[in-house]
């Protein structure tokens with residue numbers, strides 16, 4: 112993997128990102144999410160910026176507040192992910208979204224690494240896919256497996272529905288961290304049962320590194 116990563120970072124035969132497509136994605140993001148409060152620029156050849164949109168995650172019909180950020184990559188979809196035998200079931204392009212309390216450097220580094228991973232390690236990401244790691248990727252959390260789902264919040268769904276590039280629809284996948292026991296539960300009982308488990312436990316929309324495992 113290291114040699115592939117080195118080649119990827121040093122140069123590639125793939126075309127560099129189109130400024131037009133970058134701005135088109137950003138315009139679609141801003142139509143539903145507003146102006147980003149922060150943007151974290153990438154200097155890599157495949158430019159994957161991260162935009163942070165402030166949000167109160169408590170619905171308008173409820174009292175109180177739960178403020179955080181919607182992090183959304185901009186650039187991952189510039190390339191098609193490597194083809195797989197699931198090509199008829201998944202979209203070939205994707206961007207990643209993560210709901211967080213603060214857009215820390217640690218979180219942004221992990222998000223950008225995930226967005227690069229398909230092109231480093233010949234992977235394709237879709238709803239329900241997992242990326243298990245040997246150690247927890249974030250300080251303060253014992254969980255070490257990333258799980259991709261799709262947005263269920265209205266503005267995020269509409270953003271996903273509006274994204275296209277090169278004639279391809281673009282999938283937005285939300286980033287989640289799950290425990291080893293939860294990963295085993297998915298393998299044993301299936302993803303649908305695990306999603307029911309999240310509902311039963313009022314799974315918080317904003318990533319909580321101190322969340323207890325539901326299994």
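Residue numbers (our numbering): 112 to 326.
Here a beta-carbon is modelled for each residue, glycine too, at the ideal position from N, C-alpha and C.
Can at least three beta-carbon pairs, one atom from the segment 242-255 and one from the segment 177-192, be found at a separation below 8 Å?
no
Please go through the segment 255-310 and give each complete alpha helix (DSSP H) segment of 4 or more residues, from N-terminal end onward.
Secondary structure in the segment 255-310: the alpha helix (DSSP H) runs of 4 residues or longer, each lying completely within the stretch, are 265-273 and 291-300 in chain order.
What does a CB cutoff of less than 8 Å around residue 330 pick up in its chain, not counting 5 residues either side in sequence?
Nothing in the structure corresponds to residue 330, since the chain is present only between 112 and 326.
Sorted by chain position, which residues of the same chain lie with C-beta nearer than 6 Å to residue 325's C-beta, five sequence neighbours on each side aside?
Correct list, in chain order: 308 and 312.
In the DSSP assignment, what are the bridge partners of residue 213?
Looking at the DSSP assignment, residue 213 forms no beta bridge with any residue, so it has no partner.
Over the uninterrupted alpha helix (DSSP H) stretch that includes residue 132, give me the two end residues.
130-144
To which residues of the same chain is residue 241 closer than 7 Å at the C-beta, ignoring the five residues directly before and after it?
256, 257, 258 and 294.
N-terminal and C-terminal residue of the beta strand (DSSP E) that residue 174 is part of
Premise fails: residue 174 is in no beta strand (DSSP E) and is neither H nor E.
I need the straight-line Cα distance from residue 239 to residue 130, nearest angstrom please.
31 Å
Supposed close pair residue 161, residue 219 - CB separation, criterion 8 Å:
5 Å
Rounded C-alpha distance that separates residue 147 from residue 247
29 Å
From residue 164 to residue 212, what does the alpha carbon distance come to, in whole angstroms?
11 Å
Check the C-beta distance from residue 318 over to residue 210 and give it rounded, since I have them as a contact under 8 Å.
6 Å
On the DSSP letters alone, give me the boundaries of the beta strand (DSSP E) that residue 104 sits inside.
An answer regarding residue 104 cannot be provided, because it is not within the stretch 112 to 326 covered by the chain.
Between residue 221 and residue 249, how many whole angstroms is the CB-CB distance? I'm expecting something under 8 Å.
7 Å
Three-state class that DSSP yields for residue 230 in the structure shown:
helix
Which listed residue (225, 216, 214 and 215) has its alpha carbon closest to that of residue 206:
Relative to residue 206, the option among 225, 216, 214 and 215 whose CA is nearest is 225.
Counting along the chain, where does the beta strand (DSSP E) carrying residue 314 start and finish?
Neither: residue 314 is in no beta strand (DSSP E) and is coded neither H nor E.
Out of 316, 301, 277 and 278, state which residue places its alpha-carbon closest to the alpha-carbon of residue 285.
316
Taking Cβ to Cβ, would you say residue 281 is nearer than 7 Å to residue 288?
no
Roughly how far, in whole angstroms, is the beta-carbon of residue 178 from the beta-carbon of residue 266, given that I think they are within contact range, below 8 Å?
Contact between residue 178 and residue 266 fails: their C-beta atoms lie close to 16 Å from each other, not under 8 Å.
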